[in-house]
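Heads up, the thing below is written out as structure tokens.
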Amino acid sequence: MSIKLVVKKVPAVGLEADVIDPAALGKKGLSEIGRLQVWAGRRTMPLADPFDISVQVPEEKVEIHGDASRVKRIGQGMASGRIDLFGDAGMHLGNRMSGGEIHVSGSVSSWCGCEMQGGSITIAGNAAHYLGGAYRGSSAGMQGGSITVSGAAGGEAGCRMADGVITIGAGCGDFAGVHQKGGVIVVHGPCGARPGAGMTGGQLILNGRVESILPGAAYLEEVQEVEAAGTKLKGPFLKFKCDLAEETQGELLILTEPNKHLRA
Amino acid sequence: MKAELVLANGTVYDPANGIAGERMDICIREGKIVERVSEGAQRLDLAGKVVMPGGVDVHTHVTGSKVNAGRIMRPEDVRSNVSPRTPLTRSASGFTVPNVYQIGYTYARMGYTTLVEAAVPPLKARHTHEELSAIPILDKASLVLMGNNWLIMKYLSEGRDDLLREYVAWLLEAAKGYGIKIVNPGGTEAWGWGRNVEGVRDKVPHFGITPAEIIKGLLQANEGLNLPTSVHLHANRLGKPGNYSTTLETMELVRNATTRMPRGQVLHVVHLQFHSYGGDGWRNFRSEADKVAAAVNSSSNITVDAGAVVFGWSTTMTADGPFEHDLQRLTHLKWTNADVEAETGAGVVPHFYSMKNAVSVVQWCTGLELLLLIKPDRIFLTTDHPNAGSFSKYPQIIHLLMSRKYRDAMMEKLNPVCKKSVLASLDREYTLYDIVKITRAGTAKALGLLQKGHLAPGADADVAVYDLKPDSTEGLEKALSSAHLVLKDGTTVVRDGRILAAPIGRTYWVKCPPTSKRDEMIDGLREHFRYYTIQLGNYPASEEHLMRSSPVVPEVSS
Numbered sequence: 001m002s003i004k005l006v007v008k009k010v011p012a013v014g015l016e017a018d019v020i021d022p023a024a025l026g027k028k029g030l031s032e033i034g035r036l037q038v039w040a041g042r043r044t045m046p047l048a049d050p051f052d053i054s055v056q057v058p059e060e061k062v063e064i065h066g067d068a069s070r071v072k073r074i075g076q077g078m079a080s081g082r083i084d085l086f087g088d089a090g091m092h093l094g095n096r097m098s099g100g101e102i103h104v105s106g107s108v109s110s111w112c113g114c115e116m117q118g119g120s121i122t123i124a125g126n127a128a129h130y131l132g133g134a135y136r137g138s139s140a141g142m143q144g145g146s147i148t149v150s151g152a153a154g155g156e157a158g159c160r161m162a163d164g165v166i167t168i169g170a171g172c173g174d175f176a177g178v179h180q181k182g183g184v185i186v187v188h189g190p191c192g193a194r195p196g197a198g199m200t201g202g203q204l205i206l207n208g209r210v211e212s213i214l215p216g217a218a219y220l221e222e223v224q225e226v227e228a229a230g231t232k233l234k235g236p237f238l239k240f241k242c243d244l245a246e247e248t249q250g251e252l253l254i255l256t257e258p259n260k261h262l263r264a
Numbered sequence: 265m266k267a268e269l270v271l272a273n274g275t276v277y278d279p280a281n282g283i284a285g286e287r288m289d290i291c292i293r294e295g296k297i298v299e300r301v302s303e304g305a306q307r308l309d310l311a312g313k314v315v316m317p318g319g320v321d322v323h324t325h326v327t328g329s330k331v332n333a334g335r336i337m338r339p340e341d342v343r344s345n346v347s348p349r350t351p352l353t354r355s356a357s358g359f360t361v362p363n364v365y366q367i368g369y370t371y372a373r374m375g376y377t378t379l380v381e382a383a384v385p386p387l388k389a390r391h392t393h394e395e396l397s398a399i400p401i402l403d404k405a406s407l408v409l410m411g412n413n414w415l416i417m418k419y420l421s422e423g424r425d426d427l428l429r430e431y432v433a434w435l436l437e438a439a440k441g442y443g444i445k446i447v448n449p450g451g452t453e454a455w456g457w458g459r460n461v462e463g464v465r466d467k468v469p470h471f472g473i474t475p476a477e478i479i480k481g482l483l484q485a486n487e488g489l490n491l492p493t494s495v496h497l498h499a500n501r502l503g504k505p506g507n508y509s510t511t512l513e514t515m516e517l518v519r520n521a522t523t524r525m526p527r528g529q530v531l532h533v534v535h536l537q538f539h540s541y542g543g544d545g546w547r548n549f550r551s552e553a554d555k556v557a558a559a560v561n562s563s564s565n566i567t568v569d570a571g572a573v574v575f576g577w578s579t580t581m582t583a584d585g586p587f588e589h590d591l592q593r594l595t596h597l598k599w600t601n602a603d604v605e606a607e608t609g610a611g612v613v614p615h616f617y618s619m620k621n622a623v624s625v626v627q628w629c630t631g632l633e634l635l636l637l638i639k640p641d642r643i644f645l646t647t648d649h650p651n652a653g654s655f656s657k658y659p660q661i662i663h664l665l666m667s668r669k670y671r672d673a674m675m676e677k678l679n680p681v682c683k684k685s686v687l688a689s690l691d692r693e694y695t696l697y698d699i700v701k702i703t704r705a706g707t708a709k710a711l712g713l714l715q716k717g718h719l720a721p722g723a724d725a726d727v728a729v730y731d732l733k734p735d736s737t738e739g740l741e742k743a744l745s746s747a748h749l750v751l752k753d754g755t756t757v758v759r760d761g762r763i764l765a766a767p768i769g770r771t772y773w774v775k776c777p778p779t780s781k782r783d784e785m786i787d788g789l790r791e792h793f794r795y796y797t798i799q800l801g802n803y804p805a806s807e808e809h810l811m812r813s814s815p816v817v818p819e820v821s822s
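Quick note, the sequences are listed as chains A and B, same order. Mapping to this note's numbering: the first sequence position 149 is 149, numbers consecutive. Take any residue in the second sequence, note its place counting from 1, add 264, and you have its number in this note's numbering.
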């Protein structure tokens, strides 16, 4: 069953919409979906209040149309199915998901794909902070699956990431791959300060300009190309072991051409 | 609650009154158990249900600065086990360091109606009582940390037993505490100098006294003041291989001590599991529970609680600062260390008890061995929440105690080291009668809460009713986790696992009358307060901090 949700009016405090899970909604009738309770601040309301809901073709899929930038936790913990967002999405999109697909035509807010274990998220616009990261106190961020952002990402992308792939198309903020333990992060475009701080494993590939790196990054060699998650990236790249402040097996790879200042 | 109520036809377990599974009626009026009620009283037919007194947890860490340190450093724990608010209940969350609402609701659903917060630094008592008051439903009491207090060690080193007793009385009132707690006597003070004490005969830096003198001195003060409960002792060398010899030596210190109080014991040794290890390192780490159990069984004046391990995450927290440092060095997880000025310290470190880890499995075996080898009126069920696991796992431990078959099935999943344990050879299975002893009757008696833990006329109408079969363990954990009915002071607070009411529980504390030594002691106290960051006048927690204050005034010895 394909469910279409069109945003009518989202309360100013935002909406905690973790009920939007294709597999769970697919088992319910239209009226039952409309009665599902969502939190708005300290009150609950039926899902039919902020959304026009309709049921369409037989497919395990949810479509959301309109400005959902204040609708939080869409696809939280989802295990299968597909969500298509035609517009922006709010915080915690697809966090802890273990399977299925989420496609966003606009941009997403912070904590997207946090601690996800599988599935894929593709974002045509930008992503804010903590993309594929870990919630405060957790030992591991993203643990599987893939996140692809065509635009830019904010700070702490891939924080404590343990596995999976994050690809960012147009640069990212500070602390990319902070405390990264595994997996692959590829950043095309400029990268902010302190990439790979505290990383202990995995690959952080910066395919754009980087102003500076931490002294805990130890230069190893120059490599001509890098294979990242099945894709070959043409270099050459400066390869560092990072971050020596930890017991690390982490690799920081930085495109040589715009970053010759880092070789010394 | 003025209405009269009869809990009719339930199968009643009340070991304090020798009732073992008899079908009978329990009458309740105005929050108390009574002999009989009028004919118009409401009758609840509990045929096929098991009725027992409300649970009394003798040792748990649910409030205070160390628990809050745990909450702050473990946001991932606070995100678990979340339930939103309802018109009656507040939003609840957390597993090993739950919020106050989760604590109250979970205990109540399990049929517990009283708890004892086992370690309160007097300096942090005001905040602790604000938190205790916020725990819904349950009656509470707290134990005051005294084993590393500078003034106490000063009086002991000077041989001033009279001033020591007066100071203990004052400190209990200032902290609104119910009893004396000693944690790693002298060891936490030594930790302030980067050291520890390695036995009861080691000298404490600067004060020149030994842990043995601290234990005996405070025990003497406790009995001199006729306090309702005995000294509660967290012995030296917690968690270290080979520490059972220190535990035996500690228990030997009080062999000839006596009490006039109805509780019978002069010493309650807490979380014994952590103090019953053999070996001289982690490679030959083993349980010596049989030796420790024999010592407890042969000492008529000692009670203990288990501190039994539950597999999974815990958050260790204790005033035993040096132990937490050692644990962090082993596991490299997060660590908080605190110094509480002139009275104690603390540490907090998360820990994971793994089914595949030999040390964790030996610890798990040790707790169960102690529970199965020690007489059930001398040992009580605790997990030293949250040190050995969450209190919410008590039903699982009860299941393990009641079913050899379940223990064997569990051991199949564990590191094979368990196959060599004493536990593997133990056939004993608890009855419900025994379970009531280790969770209610025994704990209430040891705490001197004579109105709790039994169902005779005059007792508080704190009653738990479970939908379970006395002769079967089928569905046991579910039934014990989600009581059919729980009454607190005669008010129905839980029905079929749902919270129906959230009244404010009492806070018990001890108010000892001052003696002629009070002025001299206060003069010494003013000098002592030169070392505090706050003034003496601001130190005591006032009775206004207690939402429902319930002072206990001990009898004065002639």
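No residue lacks a Cβ here, since even glycine has one placed at the ideal position from N, Cα and C.
Opposing strand residues paired with residue i [DSSP bridges]
i: ARG759 (chain B); result: B:LEU749 and B:ARG762
i: GLY609 (chain B); result: B:ASP603
i: VAL149 (chain A); result: A:ILE123 and A:ILE168
i: ALA68 (chain A); result: A:ALA89
i: ILE768 (chain B); result: B:PRO400
i: ARG73 (chain A); result: Answer is none; ARG73 (chain A) lacks a bridge partner.
i: ALA217 (chain A); result: None; ALA217 (chain A) has no bridge partner.
i: GLU268 (chain B); result: B:ARG293
Any chain B beta carbon closer than 9 Å to residue i
i: GLU257 (chain A); result: no
i: ARG35 (chain A); result: no
i: GLY26 (chain A); result: no
i: GLY137 (chain A); result: yes
i: ALA245 (chain A); result: no
i: TRP39 (chain A); result: yes
i: ARG42 (chain A); result: yes
Option nearest residue i by Cα separation, candidates the options
i: LYS669 (chain B); options: B:GLU693, B:LYS657 and B:ASP648; result: B:GLU693
i: SER562 (chain B); options: B:LYS639, B:GLY441, B:ALA583 and B:LEU597; result: B:LYS639
i: TYR419 (chain B); options: B:CYS682, B:LYS683, B:GLU437 and B:LEU482; result: B:LEU482
i: GLU588 (chain B); options: B:GLY609, B:HIS496 and B:ARG550; result: B:GLY609
i: THR265 (chain A); options: A:SER31, A:PRO258, A:PHE86 and A:GLU156; result: Residue 265 (chain A) falls outside the range modelled here, since chain A spans only 1 to 264, and no answer is possible.
i: ASP426 (chain B); options: B:ASN345, B:LYS781 and B:TYR803; result: B:LYS781
i: SER339 (chain A); options: B:PRO614, B:GLY631 and B:ALA438; result: Outside the displayed span of chain A (1 to 264) sits residue 339 (chain A), for which this structure offers no information.
Cutoff 9 Å: residue i Cβ touching any chain A Cβ
i: ARG354 (chain B); result: no
i: MET288 (chain B); result: no
i: ARG593 (chain B); result: no
i: LYS348 (chain B); result: According to the sequence provided, residue 348 (chain B) is Pro. The question's Lys does not apply to it. Chain A contact via Cβ: present.
i: MET581 (chain B); result: no
i: GLU340 (chain B); result: yes
i: MET337 (chain B); result: yes
Supposed contact pair residue j and residue i - C-beta distance, whole angstroms, cut 8 Å
i: LEU409 (chain B); j: LEU379 (chain B); result: Incorrect: roughly 17 Å between the Cβ atoms, too far for contact.
i: PRO650 (chain B); j: SER736 (chain B); result: Their Cβ separation, rounded to whole angstroms, is 31 Å, which puts PRO650 (chain B) and SER736 (chain B) out of contact at 8 Å.
i: GLY154 (chain A); j: SER107 (chain A); result: Not confirmed; about 11 Å, so no contact.
i: LEU696 (chain B); j: VAL314 (chain B); result: 7 Å
Segment limits, alpha helix (DSSP H) that includes residue i
i: SER624 (chain B); result: 622 to 637
i: ASN561 (chain B); result: 553 to 561
i: ASP603 (chain B); result: Counting along the chain, ASP603 (chain B) falls outside any alpha helix (DSSP H), though it belongs to the beta strand (DSSP E) covering 600 to 604.
i: MET288 (chain B); result: It is not in any alpha helix (DSSP H) - MET288 (chain B) instead sits in the beta strand (DSSP E) that spans 283 to 293.
i: GLN660 (chain B); result: 658 to 666
i: PRO339 (chain B); result: 339 to 342
i: THR510 (chain B); result: 508 to 516
i: ILE479 (chain B); result: 475 to 488
First through last residue of the beta strand (DSSP E) which encompasses residue i
i: ARG82 (chain A); result: 82 to 86
i: LYS296 (chain B); result: 296 to 298
i: GLN203 (chain A); result: 203 to 207
Below-9 Å beta-carbon distance, residue i vs any chain C residue
i: ARG343 (chain B); result: Absence of chain C from the displayed structure is noted, the protein chains being A and B.
Cβ-heavy atom distance, residue i to the ligand ADP, below 8 Å
i: PHE587 (chain B); result: In the structure shown, the ligand ADP is absent, as is every other ligand, since no ligand is present at all.
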